[in-house]
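Colleague:
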Amino acid sequence: MLTKLLKINKADSDAARIAGSIIASGGLVAIPTETVYGLGANALDTKAVDKIFIAKGRPQDNPLIVHIADPGQLSLLCARVPQDALALASRFWPGPLTIILEKSALIPENVCAGLETVAVRVPAHFAAREIIEAAGCPVAAPSANLSGRPSPTTAAHVLDDLDGRIDAVVDGGPCEVGLESTVITLALGERRILRPGGVTSEQIESVIGKVTMDASVFSPHEGVAASPGMKYRHYAPGCRLVLVDGQHAAGYILSRIKDFSSPGVLCFDEDLPLFEGVRAVSIGRRLDLASQATGLFSALRRLDAEGHDIIFACCPPSGGLGDALKNRLLRAAAFETVFLND
Ligand code: TXA
Ligand code: MG
142 MLTKLLKINK
152 ADSDAARIAG
162 SIIASGGLVA
172 IPTETVYGLG
182 ANALDTKAVD
192 KIFIAKGRPQ
202 DNPLIVHIAD
212 PGQLSLLCAR
222 VPQDALALAS
232 RFWPGPLTII
242 LEKSALIPEN
252 VCAGLETVAV
262 RVPAHFAARE
272 IIEAAGCPVA
282 APSANLSGRP
292 SPTTAAHVLD
302 DLDGRIDAVV
312 DGGPCEVGLE
322 STVITLALGE
332 RRILRPGGVT
342 SEQIESVIGK
352 VTMDASVFSP
362 HEGVAASPGM
372 KYRHYAPGCR
382 LVLVDGQHAA
392 GYILSRIKDF
402 SSPGVLCFDE
412 DLPLFEGVRA
422 VSIGRRLDLA
432 SQATGLFSAL
442 RRLDAEGHDI
452 IFACCPPSGG
462 LGDALKNRLL
472 RAAAFETVFL
482 ND
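With positions in the sequence shown counted from 1, the corresponding number in this note's numbering is that position plus 141.
This is the structure in structure tokens:
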């Protein structure tokens with residue numbers, strides 16, 4: 142199929158109208174959100190939702206996030222909406238927070254991969270909201286990458302993975318946050334973060350009090366995964382990636398890369414002088430987590446396209462957005478990590 146490229150801006154709503162009508166008639170459109178690009182389909186149309194799994198090569202047991210433009214629609218999608226959900230929604234929506242609740246009968250089984258819960262988010266990007274409104278239905282949308290690849294933060298990334306496999310992509314420019322939403326489950330009285338993301342755990346705790354971090358966020362999952370997406374190697378370049386955690390990560394990497402014929406390095410601005418003559422890509426200053434979030438996935442894609450035999454990555458500091466960055470890098474590395482005691 143021919144994938145249409147639709148440009149969108151605030152002054153012109155043509156693209157939103159076209160994208161909305163493709164979604165309403167059962168097609169697939171990649172849409173910009175503030176986190177990453179999503180691959181949208183009518184969440185109430187089982188056949189359209191099936192097409193998402195096929196286009197991405199996504200395992201059937203990995204549920205999708207349902208996107209709405211109006212927080213008031215939450216009560217249609219969920220069997221009950223606890224007070225904590227209302228509090229988080231009113232503080233962080235529209236924005237990079239996904240809330241999991243018990244699902245209502247309206248949600249088709251394949252959206253939730255057979256679970257009794259549904260994940261819901263109101264995106265902040267004007268284009269995402271205009272498209273959802275134009276479609277006139279809730280929009281199921283996973284990240285618009287081939288399964289396992291880094292999430293797309295530009296329309297060009299989407300086309301690299303999905304050109305010819307989807308009806309259209311709406312180009313709304315680079316994503317502002319650059320990492321996916323935080324996923325929290327509030328189902329069955331729980332308050333557990335399944336995936337750290339654009340809203341930090343500290344911000345969430347300031348609204349609803351103590352929350353827990355699922356064990357699979359920083360360790361390989363064992364047994365049944367609370368969030369099925371967390372059990373796969375993900376965000377991953379084609380070659381081996383080793384994550385190096387510690388103050389002196391760059392120095393350690395410099396000593397290791399001699400053993401490889403075509404190493405790539407993911408580091409911080411401050412490290413670049415050390416890597417003269419080495420293919421090193423910076424994702425921003427060491428303490429500027431927001432810019433690292435914006436740059437991580439495109440840096441991984443760039444290094445991947447260059448065909449290295451190994452990539453070494455410096456680990457961002459913990460806490461705040463650093464938790465989300467580390468979670469993505471651990472998965473890209475399939476948990477191969479070197480911890481330096483420095
Ligand atoms: O920022 C985002 O969240 C982006 C944009 C497009 O909104 N979407 C996104 O979707 O990252 P996806 O499918 O790539 O990641 C959704 C994650 C997966 O790990 C999935 O397993 C989990 O959310 N998830 C979805 N529904 C769930 C449910 N009912 N229970 C547990 N985990 C769920
Ligand atoms: Mg994804």
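No residue lacks a Cβ here, since even glycine has one placed at the ideal position from N, Cα and C.
Which residues count as close to the ligand MG when the rule is a CB under 6 Å from any of its heavy atoms, in chain order?
Modeller: After applying the 6 Å Cβ criterion, the set is P283, S284, S292.
Colleague: Drop a sphere of 10 angstroms on the beta-carbon of N482, count the other beta-carbons inside from all chains shown, and report buried for 16 or more, exposed for fewer.
Modeller: Result: exposed.
Colleague: By the 10 Å Cβ neighbour count, where 16 or more other Cβ atoms means buried, how is P414 classified, buried or exposed?
Modeller: Classification of P414: exposed, given that the 10 Å Cβ count is below 16.
Colleague: Run through the stretch 245-320 for me and flag every whole beta strand (DSSP E) of 3 or more residues, listed as ranges in chain order.
Modeller: The stretch 245-320 contains these whole beta strand (DSSP E) runs: 258-262, 309-312.
Colleague: Go through the stretch 445-471 residue by residue and report every complete run of the beta strand (DSSP E) that reaches 3 residues or more, in order.
Modeller: Counting only runs of 3 or more, we get 451-455.
Colleague: Can you tell me whether DSSP reads D186 as helix, strand or coil?
Modeller: Reduced to three states, the DSSP call for D186 is coil.
Colleague: Span of the alpha helix (DSSP H) holding L218?
Modeller: 215-218 is the extent of the alpha helix (DSSP H) around L218.
Colleague: By the DSSP assignment, the beta strand (DSSP E) with I206 in it spans what residues?
Modeller: Unbroken beta strand (DSSP E) run through I206: 206-208.
Colleague: Skipping 5 residues on each side, what residues in its chain have a beta carbon closer than 7 Å to that of R397?
Modeller: Closer than 7 Å at the Cβ level, and outside the excluded window around R397, lie F453.
Colleague: Can you name, in chain order, every residue of its own chain whose Cβ lies under 6 Å from the Cβ of L471, other than the five neighbours on each side?
Modeller: Excluding sequence neighbours, L471 sits near nothing in its chain.
Colleague: Got a sec? Which residues, its chain only, sit under 7 Å from L247 by beta carbon, not counting five neighbours each side?
Modeller: Excluding sequence neighbours, L247 sits near L185, L217, L218.
Colleague: Measure from the alpha carbon of R442 to the alpha carbon of each residue in A260, V385, V422, A220, then state which is nearest.
Modeller: That would be V422, whose Cα lies nearest to the Cα of R442.
Colleague: For P565, which beta-bridge partners are listed by DSSP?
Modeller: Residue 565 cannot be examined here, being either before or after the span of the chain that is shown, 142 to 483.
Colleague: Which residue comes first and which comes last in the alpha helix (DSSP H) that contains V348?
Modeller: 342-349 is the span of the alpha helix (DSSP H), which, as asked, contains V348.
Colleague: I need the DSSP call for K197, collapsed to helix, strand or coil.
Modeller: Helix at K197.
Colleague: Considering Cα atoms alone, identify which of A152, D429, A189 is closest to V170.
Modeller: Taking only the C-alpha atoms, the option nearest V170 is A189.
Colleague: Please tell me whether I163 and A309 are closer than 9 Å, where the distance is taken between their beta carbons.
Modeller: For I163 and A309, yes; Cβs fall inside 9 Å.
Colleague: In three-state DSSP terms, what is G436?
Modeller: Helix.
Colleague: Please find out if some non-hydrogen atom of the ligand SAM comes closer than 8 Å to the beta-carbon of L335.
Modeller: In terms of ligand content, the structure shown lacks the ligand SAM and carries the ligand TXA and the ligand MG instead.
Colleague: On a Cα-Cα basis, can you pick out the residue from I273, N150, G179 that is closest to A165?
Modeller: Taking only the C-alpha atoms, the option nearest A165 is I273.
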